[in-house]
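Asker: I'd like to ask you about the structure that follows.
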Amino acid sequence: MNEVSARLVATGVVIMSVALLATHAWWILIPLSFGFVARVASGPRFSPLGIFVTKFLVNRLPFEERMVAGPPKRFAQSIGATFSLAALILHFGFAADGAALLVIALLTIAASLEAFAGFCLGCWMFGYLIRWGFVPEPVCVACANPGARSSIR
1 MNEVSARLVA
11 TGVVIMSVAL
21 LATHAWWILI
31 PLSFGFVARV
41 ASGPRFSPLG
51 IFVTKFLVNR
61 LPFEERMVAG
71 PPKRFAQSIG
81 ATFSLAALIL
91 HFGFAADGAA
101 LLVIALLTIA
111 ASLEAFAGFC
121 LGCWMFGYLI
131 RWGFVPEPVC
141 VACANPGARS
151 SIR
């Protein structure tokens with residue numbers, strides 16, 4: 001997986017999440033949730049944000065491709081899907097707007113860490129899940145040491 005693409009997608013998530021937090025435009029939860037679910041299910045192939053980044057944006061920017069291990073990024077995307085779907089259900093299903101905003105604020109923090117600092121919180125957690133034996137090490141040998149970057153060189 002290209003880390004540049006992942007960080008650009010995270011930037012898009014931050015923009016959408018901040019827009020939601022600032023305006024309470026709840027409809028943003030629909031494309032936000034769909035994008036996460038699509039990326040978990042099939043990578044960027046069906047995610048509008050993923051398509052925009054991988055087919056248009058990344059090719060026009062002067063950043064060098066940097067490949068990283070895919071399984072931890074997919075795990076991080078599944079956490080994003082869980083948070084965005086939880087916010088969608090909290091708002092549309094239970095009218096629990098405060099709780100939905102809190103969940104989106106937490107998602108914004110995690111996406112901001114990825115977008116602006118290159119720190120994937122879900123990837124970090126994934127490393128510990130391997131270390132503690134919840135995920136078999138062969139799933140991602142490069143991820144087994146949570147202190148090391150899981151770059152594929």
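Straight run, no breaks: the sequence shown in the UniProt record's numbering ends on number 153.
Quick reminder that beta carbons are idealized off the backbone N, C-alpha and C, glycines included.
Mark residue 14 as exposed unless 16 or more other C-beta atoms lie within 10 angstroms of its C-beta, in which case mark it buried.
Answerer: The residue in question, residue 14, is buried, as its Cβ has 16 or more Cβ neighbours within 10 Å.
Asker: Of all the options 116, 27, 40 and 41, which has the alpha carbon lying nearest to the alpha carbon of residue 11?
Answerer: Minimum Cα distance to residue 11 is reached at 116.
Asker: Please report the Cβ distance between residue 44 and residue 140, rounded to the nearest whole angstrom; I am assuming they are in contact, meaning their Cβ atoms lie under 8 Å.
Answerer: Between residue 140 and residue 44 the Cβ distance is about 19 Å, and since that is not below 8 Å, they are no contact.
Asker: In its own chain, which residues sit with a C-beta less than 6 Å from the C-beta of residue 26, not counting the 5 before and 5 after it?
Answerer: Answer for residue 26: 91, listed in chain order.
Asker: Assuming contact is defined by CB atoms lying nearer than 9 Å, are residue 50 and residue 4 in contact in what I supplied?
Answerer: Cβ distance not < 9 Å, so residue 50 and residue 4 don't count as in contact.
Asker: Specify the secondary structure class of residue 18 as computed by DSSP and reduced to three states.
Answerer: Helix, per DSSP.
Asker: Touching or not, the stretch 94 to 111 and the stretch 50 to 59, by the rule of three or more beta carbon pairs under 8 Å?
Answerer: Output reads no: the stretch 50 to 59 does not touch the stretch 94 to 111.
Asker: Assign residue 38 to buried or exposed, taking buried as 16 or more other Cβ atoms, counted over all protein chains shown, within 10 Å of its Cβ.
Answerer: Flag for residue 38 reads buried.
Asker: Label residue 6 either buried or exposed according to how many other C-beta atoms from any shown protein chain fall within 10 Å of its C-beta, with 16 as the threshold for buried.
Answerer: Result: buried.
Asker: Classify residue 55: buried if its beta carbon has 16 or more other beta carbons within 10 angstroms, exposed otherwise.
Answerer: Burial call: exposed.
Asker: Using the rule of at least 16 other Cβ atoms within 10 Å of the residue's Cβ for burial, across every protein chain shown, is residue 133 buried or exposed?
Answerer: Answer is exposed; the Cβ neighbour count stays below 16.
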